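Everything in the sequence shown is counted per the working numbering, starting at 41 for the first residue and increasing by one.
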Amino acid sequence: MQFNVVFIATALLASASLAMSATVTGFAGAGCTGTKGQSFQVPSGECFSLGSGSTKSFSYSGVPSEIEFYVSGGGHDSCTNGPSLVLGGGSGCATAPTGFNWESLAVF
């Protein structure tokens, strides 16, 4: 019986950590159109950065509470100095403001 309790607890913890991450995919065009980039899993509470890259829009799914988007260029790289867009949990598409691209995002 003790083995069953430990196994069930371990399975629940593994499921919870998977549920606390989002899938994001970059696109070259606005509105999640154009060339599709690679998809990434972003754990809740972490910043995801494209490093020296950027993308015009991100599709996202599985966001637990909210997702923050940061424009490319100096002061906002790597989730710093405040997001340009904050959206609620779930799924959707976020397009960077005119003249900008996204460089990073944070999931909560």
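Don't be surprised by glycine CBs; every beta carbon is placed ideally from N, CA and C. It should be emphasised that the depicted structure is a prediction, and the values quoted were computed from it without experimental measurement.
Which same chain residues, not among the five before or five after residue i, have their C-beta less than 8 Å away from its C-beta?
i    : result
V126 : E106, I107, E108 and F109
S89  : D117, S118, C119, E143 and S144
Please state whether DSSP places residue i in a helix, a strand or coil.
i    : result
G130 : strand
Measuring straight from C-alpha to C-alpha, what distance separates residue i and residue j?
i    : j    : result
D117 : S94  : 10 Å
S112 : T138 : 12 Å
A62  : C87  : 12 Å
G85  : T73  : 27 Å
Return the chain-ordered list of same chain residues with a C-beta closer than 7 Å to the C-beta of residue i, the five sequence neighbours on each side being excluded.
i    : result
G129 : V103, P104, S105 and E106
T135 : A70, G71, K96 and S97
With a threshold of 6 Å on Cβ separation, who are the neighbours of residue i within its own chain once the five nearest residues in sequence on each side are excluded?
i    : result
G66  : G77, T95 and F98
V64  : F80, V82, F98 and Y100
A146 : C87, E108 and C119
G122 : none
> Where in the stretch 51-102 do unbroken runs of the beta strand (DSSP E), each at least 3 residues long, occur, reported from the N-terminal end onward?
Replying inline: If we require 3 residues or more, the beta strand (DSSP E) runs fully inside the stretch 51-102 come out as 61-69, 73-83 and 87-89.
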